[in-house]
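Colleague: Can you keep this structure in mind? I'll have questions shortly.
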Amino acid sequence: MALTKFGFIVTGAGLEPAQHRLVMRSGAFEMITIGVEKASQGPVAAKRLVAEGIQLLELCGGFGPIWTAKVIEAIDGKIPVGSVAYGPESIDAMHALFKD
-18 MALTKFGFIV TGAGLEPAQH RLVMRSGAFE MITIGVEKAS QGPVAAKRLV
32 AEGIQLLELC GGFGPIWTAK VIEAIDGKIP VGSVAYGPES IDAMHALFKD
């Protein structure tokens, strides 16, 4: 089976799932991105994406391992879920970005 429908959930200040949604489509592929303000909103957003037929879900680094696990649990492991992570080469830059 080919991957034709992909989901991504991103966290960001002021993002609300009902208002912040982006869809990119080609003739053979669709990507749906949903913005949430807090990782705790991720499980509900993930359930919605699974109900829409996504085959693979990726979470932004703001979810971390705990909320990634909660998303997987919320969707009963129906599809693969991955999460973005940053390696040691990015630690200083990430600290500078989020220190305030």
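Last residue of the sequence shown: number 81 in our numbering, and the count goes up by one each step with no gaps.
Where is the CB? At the ideal position from N, CA and C, for every residue including glycine.
Which residues share a DSSP beta bridge with residue 38?
Modeller: Counting from 1 along the sequence shown, the entry for residue 38 is found at position 57. Partner(s): -12 and 62.
Colleague: Helix, strand or coil for residue -4, going by three-state DSSP, please let me know.
Modeller: As a first step, residue -4 is located in the sequence shown; it is residue number 15 there, counting from the start. Here residue -4 sits in coil by DSSP.
Colleague: I'd like the span of the alpha helix (DSSP H) that includes residue 53, first residue to last.
Modeller: Translated into positions along the sequence shown, residue 53 becomes position 72. Note, residue 53: alpha helix (DSSP H), 45 to 55.
Colleague: Given a cut-off of 8 Å on the beta-carbon distance, is the pair residue 53 and residue 65 in contact?
Modeller: Looking up residue 53 in the sequence shown gives position 72. Looking up residue 65 in the sequence shown gives position 84. No.
Colleague: Within 8 Å, do at least three Cβ pairs link the region -4 to 6 to the region 35 to 44?
Modeller: They do not touch, by the three-pair rule.
Colleague: If you compare alpha carbons, which of 36, 46 and 73 is closest to residue -14?
Modeller: Start at 1 with the first residue of the sequence shown, and residue -14 comes out as number 5. Comparing Cα positions, the closest option is 36.
Colleague: Once DSSP output is grouped into helix, strand and coil, what is the label at residue 75?
Modeller: Residue numbering aside, residue 75 sits at position 94 when the sequence shown is read from its first letter. Helix.
Colleague: In this structure, how does DSSP classify residue 23 when only helix, strand and coil are distinguished?
Modeller: The residue you call residue 23 lines up with position 42 of the sequence shown. The answer is helix: DSSP assigns residue 23 an H, G or I state.
Colleague: How is residue 18 classed by DSSP in three states: helix, strand or coil?
Modeller: If you number the sequence shown from 1, residue 18 lands on position 37. DSSP places residue 18 in coil when its eight states are reduced to three.
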